[in-house]
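Participant: So the sequence shown is numbered by the UniProt record's numbering: it starts at 1 and just counts up by one.
There's a structure below that I have some questions on.
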Amino acid sequence: MDKYHETVEWMFAQLPMFQRIGTDAFRKDLTNTLKIAAHLNHPERNFKTIHVGGTNGKGSTSSLIASVLQEAGFKVGLYTSPHLVDFRERIRVNGEDISKEFVVDFIEHNKSFLENNKLSFFEMTVGMAFQYFSDQKVDVAIIEVGLGGRLDSTNIITPLLSVITNIGWDHMNLLGNTIEEIAFEKAGIIKENIPVVIGEFTAETKIVFQKEAELKNAPIYFASKTDDIPELESDLKGNYQVHNKKTAYQAIQLLRNHFSISDADILKGFLNVEKNTGLKGRWTVLSEKPLIVADTAHNKNGLEIVMHQVHQQKFDKLFMVFGVVNDKDIDSILPYLPKNAEYFVAKPNVPRGLDATVLKDILTTNGFNAIDFNSIPDALNHAKNKASVNDMIYIGGSTFVVAEVV
Numbered sequence: 001m002d003k004y005h006e007t008v009e010w011m012f013a014q015l016p017m018f019q020r021i022g023t024d025a026f027r028k029d030l031t032n033t034l035k036i037a038a039h040l041n042h043p044e045r046n047f048k049t050i051h052v053g054g055t056n057g058k059g060s061t062s063s064l065i066a067s068v069l070q071e072a073g074f075k076v077g078l079y080t081s082p083h084l085v086d087f088r089e090r091i092r093v094n095g096e097d098i099s100k101e102f103v104v105d106f107i108e109h110n111k112s113f114l115e116n117n118k119l120s121f122f123e124m125t126v127g128m129a130f131q132y133f134s135d136q137k138v139d140v141a142i143i144e145v146g147l148g149g150r151l152d153s154t155n156i157i158t159p160l161l162s163v164i165t166n167i168g169w170d171h172m173n174l175l176g177n178t179i180e181e182i183a184f185e186k187a188g189i190i191k192e193n194i195p196v197v198i199g200e201f202t203a204e205t206k207i208v209f210q211k212e213a214e215l216k217n218a219p220i221y222f223a224s225k226t227d228d229i230p231e232l233e234s235d236l237k238g239n240y241q242v243h244n245k246k247t248a249y250q251a252i253q254l255l256r257n258h259f260s261i262s263d264a265d266i267l268k269g270f271l272n273v274e275k276n277t278g279l280k281g282r283w284t285v286l287s288e289k290p291l292i293v294a295d296t297a298h299n300k301n302g303l304e305i306v307m308h309q310v311h312q313q314k315f316d317k318l319f320m321v322f323g324v325v326n327d328k329d330i331d332s333i334l335p336y337l338p339k340n341a342e343y344f345v346a347k348p349n350v351p352r353g354l355d356a357t358v359l360k361d362i363l364t365t366n367g368f369n370a371i372d373f374n375s376i377p378d379a380l381n382h383a384k385n386k387a388s389v390n391d392m393i394y395i396g397g398s399t400f401v402v403a404e405v406v
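So this is what it looks like as structure tokens:
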């Protein structure tokens, strides 16, 4: 194993860590993040930021905004999570991953500090991102919230703008058992006198956002209320992108107070998101005949929209290559999964992947036609062997499933 992979393995091994063991990794305060920021001499103060939170659509919305700013000629940092294939995807400048050398050097130089202060994976990654963006002298960085908002490691910045895409049911064990409680955690990124853009909202969440914005004297903008958004084509083809495009467009209008952004920049930025930012796994079409689509939607709200789009496709037979993580509330997603499909299930290749036989049993008990496989690639190969040119294969259920195929 080379030095880079050893370093990343060490980072992933730091407890507590959400990807590895689930809820224990969620630190309920910002002490450590503030410590590492001070230790690094506050690199996050050396560039402008935009903070993006919400349940679904954070990555797409962040990438849409980054793409437009890049088209406008700015040097743009982009911090997102999780990664699909390589850790370095989390920290990018103008679509280029952070270098392996920087990752290795950062951990080597700061290792005793990281160990002595027992920093979690998220805390050290945020510190690394801030340091990298500062060293790269970015004009602006789009910072995606890892989990929640109020107590997320990213929440030490004072951004030009906060963005909350939507509120849905995910990570209830960490964020709260009601939509209002979850909205309160997400609303924690609203800052004193800093404008906030809200994407989708409900009557319940709107009250939470308005109350928090009022407390903080933060101007609030509801993107989904604005109908004057031009029809903007994008290379992001998921139906759900209509909401993310509205949210990003509203954010960009406010960013025009800080940056020179032309209508042409917006047009080109929306069209070239994948090329400019490296975003993958959002209704990614891997083949046309048969139609093979991979998507990272993994909770009730995300899957509901994506499964609706699956139903809109023309196909003879539908094959679902599917896997989930073991803390997923499967009962909440079952109503949205198509019954008229053959399910080829496998455990995603991460420690907290749900065992394939368990997933198969849940599906068959609920009236689905399911077979289990040893791995996601095995399940996909089986689907490819069975599918004719007029069929469709959908790959998803978890970000980690998509990571194995894109």
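For every residue, glycine included, the Cβ atom is placed at its ideal position computed from N, Cα and C.
Note down, one range per segment and in chain order, each alpha helix (DSSP H) of at least 4 residues found wholly within the segment 184–246.
Facilitator: You should have 203–215.
Participant: What residues in its chain sit with their C-beta under 8 Å from that of Thr49, if we drop five residues either side in the sequence?
Facilitator: So the qualifying residues of the chain are Val140, Ala141, Ile142, Ile143, Ile157, Thr158, Pro159 and Leu160.
Participant: Helix, strand or coil for Phe315 per DSSP?
Facilitator: Here Phe315 sits in coil by DSSP.
Participant: Where does Phe49 sit, in a helix, a strand or coil, going by DSSP?
Facilitator: Note on residue identity: the sequence assigns Thr, not Phe, to residue 49. Residue state, collapsed to three classes: strand.
Participant: What's the C-alpha gap between Asn56 and Ile167?
Facilitator: Cα to Cα, the separation comes out at about 7 Å.
Participant: In the DSSP output, which residue or residues are listed as bridge partners for Arg92?
Facilitator: Arg92 is bridged to Leu78 and Asp97.
Participant: Check for me: the alpha helix (DSSP H) holding Met128 runs from which residue to which?
Facilitator: Element bounds for Met128: Phe121 to Asp135.
Participant: Does the Cβ-Cβ distance between Ile393 and Val321 come in under 9 Å?
Facilitator: Against a cut-off of 9 Å, the Cβ pair of Val321 and Ile393 comes out as a contact.
Participant: If we ignore side chains and look at the alpha-carbon of each, how far apart do Asn374 and Trp283 end up?
Facilitator: Roughly 25 Å between the two C-alpha positions.
Participant: Work out the CA separation of Asp29 and Ser120 for me, nearest whole Å.
Facilitator: About 12 Å.
Participant: Alpha carbon to alpha carbon, how far is Ile65 from Lys268? Give it in angstroms, no decimals.
Facilitator: So the two alpha carbons sit approximately 12 Å from each other.
Participant: Let me check one thing: in DSSP terms, what residues is Glu342 bridge-paired to?
Facilitator: Glu342 pairs with Phe319 and Asn369.
Participant: Pick from His51, Val85 and Val104: whose alpha carbon is nearest that of residue 414?
Facilitator: Within the shown structure, residues of the chain are numbered from 1 to 406, placing residue 414 beyond reach of any answer.
Participant: In or out: Lys58 buried (at least 16 other Cβ within 10 Å) or exposed?
Facilitator: The residue in question, Lys58, is buried, as its Cβ has 16 or more Cβ neighbours within 10 Å.
Participant: Taking 9 Å as the cut-off, decide whether the C-beta atoms of Ser153 and Val126 are in contact.
Facilitator: Yes, the pair counts as a contact, with Cβ atoms nearer than the cut-off.
Participant: Might you give, ordered along the chain, the residues of its own chain that have their beta carbon closer than 8 Å to the beta carbon of Gln136, omitting 5 neighbours on each side?
Facilitator: So the list reads Lys75, Gly77 and Val93, once near-sequence residues are dropped.
Participant: Taking the C-alpha atoms as reference points, what is the distance between Val389 and Gly323?
Facilitator: C-alpha separation (whole angstroms): 24 Å.
Participant: Is it true that the CB of Phe106 sits closer than 9 Å to the CB of Arg150?
Facilitator: In this structure, Phe106 does not lie closer than 9 Å to Arg150 by Cβ.
Participant: At which residues does the beta strand (DSSP E) containing Leu267 begin and terminate?
Facilitator: Taken as a continuous stretch (DSSP letters only), Leu267 belongs to no beta strand (DSSP E), being part of the alpha helix (DSSP H) at Asp263 to Leu271.
Participant: In terms of alpha-carbon separation, which member of Leu147, Ala264 and Phe270 lies closest to Thr80?
Facilitator: Comparing Cα positions, the closest option is Leu147.
Participant: Should Val85 go down as buried or exposed, given a rule of 16 or more other Cβ atoms within 10 Å for buried?
Facilitator: Its Cβ having fewer than 16 others within 10 Å, Val85 is exposed.
Participant: What separation, rounded to the nearest whole angstrom, lies between the Cα atoms of Ala403 and His298?
Facilitator: Cα to Cα, the separation comes out at about 13 Å.
Participant: Does the Cβ of Gly367 have 16 or more other Cβ atoms within 10 Å, making it buried, or fewer, making it exposed?
Facilitator: By the 10 Å Cβ count, Gly367 comes out exposed.
Participant: Determine which residues share a DSSP beta bridge with Thr284 and list them.
Facilitator: Paired residues: Ala294.
Participant: Using 9 Å as the threshold, is the C-beta distance between Ala223 and Lys191 below it?
Facilitator: Not a contact, by the Cβ cut-off of 9 Å.
Participant: Of the choices Asp372, Ile194 and Asn276, whose alpha-carbon is the least far from that of Ser67?
Facilitator: Selected option, being the one with the closest Cα: Asn276.
Participant: At what residues does the beta strand (DSSP E) containing Ala141 begin and finish?
Facilitator: It spans Val140 to Glu144 - the beta strand (DSSP E) in which Ala141 sits, taken as one unbroken run.
Participant: State the DSSP-derived secondary structure class of Val85, mapped to helix, strand or coil.
Facilitator: It is coil, neither helix nor strand.
Participant: Roughly how many whole angstroms lie between the Cα atoms of Phe122 and Gln131?
Facilitator: Whole-angstrom Cα-Cα distance: 14 Å.
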